[in-house]
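2 protein chains.
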Amino acid sequence: MIAHKDKVRIFDTTLRDGEQTPGVSVTAEQKIQIAIKLDELCVDALEAGFPVVSQGEVEAVEGIVKQGLNAEICGLARAVKADIDAAIDCDLKYVHIFIATSDIHMEYKLKMGREDVLNKAVWAVDYAKKHGMQVEFSAEDATRSDRDFVRRVFKAVAEVGADRLDIPDTVGYATPLYMAEIVKDVRTATAKELPISMHCHDDFGLAVANTISGLNSGASCAHVTINGLGERAGNASLEEVVMALQCLYNKKHSIKTELLYETSKFISNTMGIAVQPNKAIIGENAFGHESGIHTHGIINNPLTYEPISPELVGRKRWLQAGKHAGAHGIRAMLEDFGIRPSDEQLHRIVERQKDLADKGKSITTAELLSIAGEIMHNNKFEEKFKLYDFHIITGMNIIPTAVVRLNIEGKDFIASETGVGPVDSALKAIQKIAGEIANIRIREYRLDSITGGSDALAEVSIKVEDKTGNIISARKAGEDVVVASVQAMMDAINKTMLRKLIYSNNC
Amino acid sequence: MIAHKDKVRIFDTTLRDGEQTPGVSVTAEQKIQIAIKLDELCVDALEAGFPVVSQGEVEAVEGIVKQGLNAEICGLARAVKADIDAAIDCDLKYVHIFIATSDIHMEYKLKMGREDVLNKAVWAVDYAKKHGMQVEFSAEDATRSDRDFVRRVFKAVAEVGADRLDIPDTVGYATPLYMAEIVKDVRTATAKELPISMHCHDDFGLAVANTISGLNSGASCAHVTINGLGERAGNASLEEVVMALQCLYNKKHSIKTELLYETSKFISNTMGIAVQPNKAIIGENAFGHESGIHTHGIINNPLTYEPISPELVGRKRWLQAGKHAGAHGIRAMLEDFGIRPSDEQLHRIVERQKDLADKGKSITTAELLSIAGEIMHNNKFEEKFKLYDFHIITGMNIIPTAVVRLNIEGKDFIASETGVGPVDSALKAIQKIAGEIANIRIREYRLDSITGGSDALAEVSIKVEDKTGNIISARKAGEDVVVASVQAMMDAINKTMLRKLIYSNNC
Numbered sequence: 032m033i034a035h036k037d038k039v040r041i042f043d044t045t046l047r048d049g050e051q052t053p054g055v056s057v058t059a060e061q062k063i064q065i066a067i068k069l070d071e072l073c074v075d076a077l078e079a080g081f082p083v084v085s086q087g088e089v090e091a092v093e094g095i096v097k098q099g100l101n102a103e104i105c106g107l108a109r110a111v112k113a114d115i116d117a118a119i120d121c122d123l124k125y126v127h128i129f130i131a132t133s134d135i136h137m138e139y140k141l142k143m144g145r146e147d148v149l150n151k152a153v154w155a156v157d158y159a160k161k162h163g164m165q166v167e168f169s170a171e172d173a174t175r176s177d178r179d180f181v182r183r184v185f186k187a188v189a190e191v192g193a194d195r196l197d198i199p200d201t202v203g204y205a206t207p208l209y210m211a212e213i214v215k216d217v218r219t220a221t222a223k224e225l226p227i228s229m230h231c232h233d234d235f236g237l238a239v240a241n242t243i244s245g246l247n248s249g250a251s252c253a254h255v256t257i258n259g260l261g262e263r264a265g266n267a268s269l270e271e272v273v274m275a276l277q278c279l280y281n282k283k284h285s286i287k288t289e290l291l292y293e294t295s296k297f298i299s300n301t302m303g304i305a306v307q308p309n310k311a312i313i314g315e316n317a318f319g320h321e322s323g324i325h326t327h328g329i330i331n332n333p334l335t336y337e338p339i340s341p342e343l344v345g346r347k348r349w350l351q352a353g354k355h356a357g358a359h360g361i362r363a364m365l366e367d368f369g370i371r372p373s374d375e376q377l378h379r380i381v382e383r384q385k386d387l388a389d390k391g392k393s394i395t396t397a398e399l400l401s402i403a404g405e406i407m408h409n410n411k412f413e414e415k416f417k418l419y420d421f422h423i424i425t426g427m428n429i430i431p432t433a434v435v436r437l438n439i440e441g442k443d444f445i446a447s448e449t450g451v452g453p454v455d456s457a458l459k460a461i462q463k464i465a466g467e468i469a470n471i472r473i474r475e476y477r478l479d480s481i482t483g484g485s486d487a488l489a490e491v492s493i494k495v496e497d498k499t500g501n502i503i504s505a506r507k508a509g510e511d512v513v514v515a516s517v518q519a520m521m522d523a524i525n526k527t528m529l530r531k532l533i534y535s536n537n538c
Numbered sequence: 032m033i034a035h036k037d038k039v040r041i042f043d044t045t046l047r048d049g050e051q052t053p054g055v056s057v058t059a060e061q062k063i064q065i066a067i068k069l070d071e072l073c074v075d076a077l078e079a080g081f082p083v084v085s086q087g088e089v090e091a092v093e094g095i096v097k098q099g100l101n102a103e104i105c106g107l108a109r110a111v112k113a114d115i116d117a118a119i120d121c122d123l124k125y126v127h128i129f130i131a132t133s134d135i136h137m138e139y140k141l142k143m144g145r146e147d148v149l150n151k152a153v154w155a156v157d158y159a160k161k162h163g164m165q166v167e168f169s170a171e172d173a174t175r176s177d178r179d180f181v182r183r184v185f186k187a188v189a190e191v192g193a194d195r196l197d198i199p200d201t202v203g204y205a206t207p208l209y210m211a212e213i214v215k216d217v218r219t220a221t222a223k224e225l226p227i228s229m230h231c232h233d234d235f236g237l238a239v240a241n242t243i244s245g246l247n248s249g250a251s252c253a254h255v256t257i258n259g260l261g262e263r264a265g266n267a268s269l270e271e272v273v274m275a276l277q278c279l280y281n282k283k284h285s286i287k288t289e290l291l292y293e294t295s296k297f298i299s300n301t302m303g304i305a306v307q308p309n310k311a312i313i314g315e316n317a318f319g320h321e322s323g324i325h326t327h328g329i330i331n332n333p334l335t336y337e338p339i340s341p342e343l344v345g346r347k348r349w350l351q352a353g354k355h356a357g358a359h360g361i362r363a364m365l366e367d368f369g370i371r372p373s374d375e376q377l378h379r380i381v382e383r384q385k386d387l388a389d390k391g392k393s394i395t396t397a398e399l400l401s402i403a404g405e406i407m408h409n410n411k412f413e414e415k416f417k418l419y420d421f422h423i424i425t426g427m428n429i430i431p432t433a434v435v436r437l438n439i440e441g442k443d444f445i446a447s448e449t450g451v452g453p454v455d456s457a458l459k460a461i462q463k464i465a466g467e468i469a470n471i472r473i474r475e476y477r478l479d480s481i482t483g484g485s486d487a488l489a490e491v492s493i494k495v496e497d498k499t500g501n502i503i504s505a506r507k508a509g510e511d512v513v514v515a516s517v518q519a520m521m522d523a524i525n526k527t528m529l530r531k532l533i534y535s536n537n538c
């Protein structure tokens with residue numbers, strides 16, 4: 032049961048603390064799917080839920096137990112009989128029992144004195160042990176608790192057989208230095224040294240550093256969540272803790288890091304909580320580069336501006352044109368499409384795109400290609416499909432319908448189609464005209480309101496995938512979400528075709 | 032020029048490293064607006080840009096200099112004449128000069144040897160000093176550089192008059208321990224101790240901890256960005272560093288923390304980079320609570336589950352119903368609307384909402400009120416405005432038009448209106464019928480695609496503000512973005528009216 036000395040044990044609590052993220056609601060079936068994904072990622076243990084909270088939670092936990100996963104499956108319980116019984120009834124063999132030990136929690140939430148809390152903790156651990164459970168015990172709000180009292184509580188639960196001791200920094204209030212000290216406190220509190228877990232929250236952005244500080248001071252297990260989900264600012268994120276341990280501290284773990292990005296995406300989509308672009312390891316920008324100095328460095332040797340290879344976490348790097356982009360980056364991007372401008376042409380392309388960027392305009396790859404086409408007098412890079420007209424009808428008790436007029440190399444084509452919504456019907460109408468060549472699938476569709484208000488400028492970002500698996504992205508801003516969506520789609524279709532054309536012509 | 036010994040100097044680089052976030056493009060005018068906001072926040076210094084990159088950047092930096100802000104205004108320059116001249120020409124008095132000192136950067140990017148790099152650094156600092164500039168010098172990629180060489184470079188630039196030394200952890204590769212060591216290296220490298228800055232990136236989630244470790248070891252200035260924007264995973268975030276210094280390390284700073292949230296929102300909207308809900312200090316969930324145990328604690332004493340009061344950073348806490356919500360939280364939420372169920376009624380309300388949550392459904396406040404109304408047999412809580420029908424026409428070369436049929440207390444009303452887009456026209460048509468009572472303004476409008484694809488289930492979240500400044504939020508999911516938007520708006524209008532009704536009746 033005790034983890035190998037040199038290996039950090041990863042205890043994932045995405046399905047418990049992560050599911051407590053305000054706004055997250057998932058079905059039992061979705062929880063089971065997430066558990067399977069986490070098991071594929073090779074977490075050592077996963078907290079499947081808090082069985083006493085609802086019937087749906089019981090079904091989810093039971094369902095996860097039945098999967099026969101490699102990870103140890105744990106359930107949360109307060110130090111009360113009903114909670115522990117609920118965990119036992121789910122056929123769990125491993126329970127995470129907690130009770131608060133800080134004065135503020137005992138006075139205002141539990142309304143109990145220290146001795147009562149101590150007795151209740153001992154009773155609960157003893158009860159669970161007598162029912163054959165593996166028990167991990169948490170002194171909730173440990174980092175704001177009286178140090179002597181926390182030691183006493185951990186000592187007492189160890190005496191009745193607790194298998195693991197967890198130190199939760201419940202409101203993210205600890206510093207790395209204090210985490211190191213409290214781990215030493217707990218290590219020396221018990222007669223026999225038990226494995227210690229760190230459970231850190233990110234209220235001041237210190238969750239990863241606090242977790243690692245504890246691990247460096249003798250703790251052997253990290254409670255973490257994918258994407259750093261969890262109450263308030265969330266928990267220490269699995270991907271950051273694992274990669275920091277591996278790359279900066281030379282510690283071993285069992286995680287298949289090349290599945291991190293995929294797992295993160297799956298959980299973000301299932302739980303409906305977005306990941307910000309500037310999030311370490313799994314944010315969209317974590318391996319994206321725009322500024323000239325950075326893209327120049329990356330082209331010569333990626334390690335100049337990347338701490339690790341993106342493939343290590345299941346990702347690919349990308350470069351983007353923009354105000355800070357220099358000639359090296361633009362040349363590399365154009366070469367991706369087989370386009371090789373002269374130095375003088377390149378200079379003019381860079382000038383033009385900086386000019387657009389100065390006006391606050393994001394430069395899409397299609398726009399860059401179009402600029403290049405113009406400057407290089409090559410009409411091959413022009414948009415093949417021009418959207419001349421479209422209208423859409425939708426509402427309640429109406430089947431969403433789109434009528435589209437496209438111009439393809441000088442000829443007009445009109446088609447109408449219905450769909451589940453306006454964007455879907457427009458895509459179908461366009462595909463009806465364009466046929467196989469526009470055979471794309473929308474992978475991601477996002478809309479951000481930039482200024483707020485019903486007349487706000489909205490920005491649509493889409494990623495489409497063509498038949499051969501190439502991902503093309505496009506963005507469009509406008510006051511009308513439907514029009515912006517259709518225009519972004521046209522942009523993506525044109526880019527897809529441009530890409531095909533260039534590669535097939537081998538220019 | 033040297034900061035007060037006990038006060039940490041905050042050097043904001045949102046407009047330089049933050050603007051290098053891939054995907055960000057802002058106009059000169061927008062950069063000036065951001066600089067004014069940062070000055071109101073009371074940053075000590077702000078890096079306005081990188082003048083040599085484009086004409087627009089020059090205009091932005093000149094414009095910011097002309098504002099006569101309290102903050103010192105700095106510009107970035109490579110250790111080359113053109114860059115430093117560009118900074119001088121913007122009328123800057125303060126330049127941030129950098130050159131890379133790591134072997135990998137020197138070999139693959141600069142293609143220069145150590146002595147050439149050293150000479151170039153010295154030449155550049157000397158040149159800028161001779162032009163009367165305050166000079167902050169950065170040894171780029173310092174944390175991956177040879178320690179002796181970094182010391183030599185810092186010593187040499189100090190000898191020609193550098194005023195400040197910055198230690199950049201360019202690819203976020205340092206640990207807190209190494210940051211402490213390198214600060215000590217640099218402190219002892221120069222004859223006279225110069226003020227030292229920390230510039231940390233968040234590639235492993237350690238930017239805040241690394242910054243603070245450096246400050247605790249003798250550095251006096253933190254390079255930070257709002258929302259942690261910046262290259263790749265971004266820089267250390269201003270809000271996290273400042274609040275951690277204040278609350279956990281008892282250090283002084285000049286930031287008006289009550290403006291943090293507002294500033295974060297402004298910059299997120301202007302730069303178009305979203306903040307994830309589980310982001311410390313400024314994420315939507317940072318002071319939001321859903322689980323029963325947490326809401327129970329919060330109601331008795333907010334400090335049980337909040338490390339700091341939300342007002343300290345310009346925010347308000349919120350509670351939400353959900354699977355983990357317990358009776359205490361639901362009772363508090365209903366009391367907000369003046370609704371006081373009996374214990375037995377409360378039990379039934381909680382059961383019903385958990386049942387919905389188990390099905391993966393997020394419970395809006397309107398739904399909670401509707402459940403409560405049903406169980407308490409009080410039709411006051413029913414929706415007053417029922418949407419019976421609507422249709423919308425939009426497209427290219429068409430003025431977006433909506434026709435709406437509402438039923439208000441049994442009577443039908445029909446209206447049509449045009450707008451800048453389908454949602455705008457629908458809101459206007461609804462307001463035409465509902466008049467003053469629906470006098471709301473959409474503050475935020477967000478759409479998330481949950482599963483991807485043009486037939487994806489999209490979730491619309493809106494926040495509306497009524498005439499008296501109350502913020503009401505509503506969410507709706509559906510395959511048709513327009514229909515979901517209109518339904519979310521109806522939901523918000525009904526809640527707004529419900530709130531008014533309850534408060535005016537004083538029930």
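Chains as they are written, first to last, in our numbering: chain A, 32 to 538; chain B, 32 to 538.
Quick reminder that beta carbons are idealized off the backbone N, C-alpha and C, glycines included.
Beta-carbon proximity check, residue i vs residue j, cutoff 8 Å
i, j, result
"I13 of chain A", "V74 of chain A", "What is shown of chain A runs 32 to 538, which leaves residue 13 of chain A out entirely."
"G261 of chain B", "Q51 of chain B", "yes"
"E289 of chain B", "V344 of chain B", "yes"
"A523 of chain A", "G509 of chain A", "no"
"M274 of chain B", "I339 of chain B", "yes"
"R348 of chain B", "P333 of chain B", "yes"
"D497 of chain A", "N470 of chain A", "yes"
"A519 of chain B", "A264 of chain A", "no"
"H127 of chain B", "G106 of chain B", "yes"
Beta-bridge partners of residue i, as assigned by DSSP
i, result
"Y125 of chain A", "A:Q165"
"W349 of chain B", "B:G319"
"V188 of chain B", "The partner list for V188 of chain B (beta bridge, DSSP) is empty, contrary to what the question assumes."
"N438 of chain A", "A:K417 and A:D443"
"F42 of chain B", "B:A76 and B:H254"
Cross-chain neighbours of residue i in chain B, by beta carbon under 7 Å
i, result
"E71 of chain A", "The premise fails here: E71 of chain A is roughly 20 Å from chain B at the closest Cβ pair, so nothing lies under 7 Å."
Chain-ordered chain B contacts of residue i [CB-CB under 9 Å]
i, result
"M274 of chain A", "D234, F235 and G236"
"A519 of chain A", "The premise fails here: A519 of chain A is roughly 11 Å from chain B at the closest Cβ pair, so nothing lies under 9 Å."
Proximal chain A residues relative to residue i, where beta-carbon distance stays under 8 Å
i, result
"P308 of chain B", "T52, P53, G54, I304 and A305"
"T425 of chain B", "H422, I423, P453, D511, V513 and V514"
Endpoints, alpha helix (DSSP H) assigned at residue i
i, result
"D200 of chain B", "Note, D200 of chain B: premise wrong, no alpha helix (DSSP H); beta strand (DSSP E) at R195 to D200."
"M302 of chain A", "L291 to M302"
"A220 of chain B", "P207 to A220"
Closer than 8 Å at the beta carbon, the chain B residues around residue i
i, result
"I429 of chain A", "H422"
"G345 of chain A", "The premise fails here: G345 of chain A is roughly 16 Å from chain B at the closest Cβ pair, so nothing lies under 8 Å."
Chain A contact residues for residue i, given Cβ-Cβ distances below 7 Å
i, result
"K390 of chain B", "T58"
"I135 of chain B", "N332, L334 and T335"
Interface residues of the region 318-331 of chain A facing chain B [CB-CB below 8 Å]: Taking 8 Å as the Cβ-Cβ cut-off against chain B, the residues of the region 318-331 of chain A that qualify are F318, G319, H320, E321, S322, G323, I324, H325, H327, G328 and N331.
Where the region 140-162 of chain A meets chain B: residues whose CB sits under 8 Å from a CB there: If the cut-off is 8 Å between Cβ atoms, the region 140-162 of chain A has K140 near chain B.
Residues of the region 278-296 of chain B with Cβ closer than 8 Å to any Cβ of chain A, in chain order: C278, L279 and Y280
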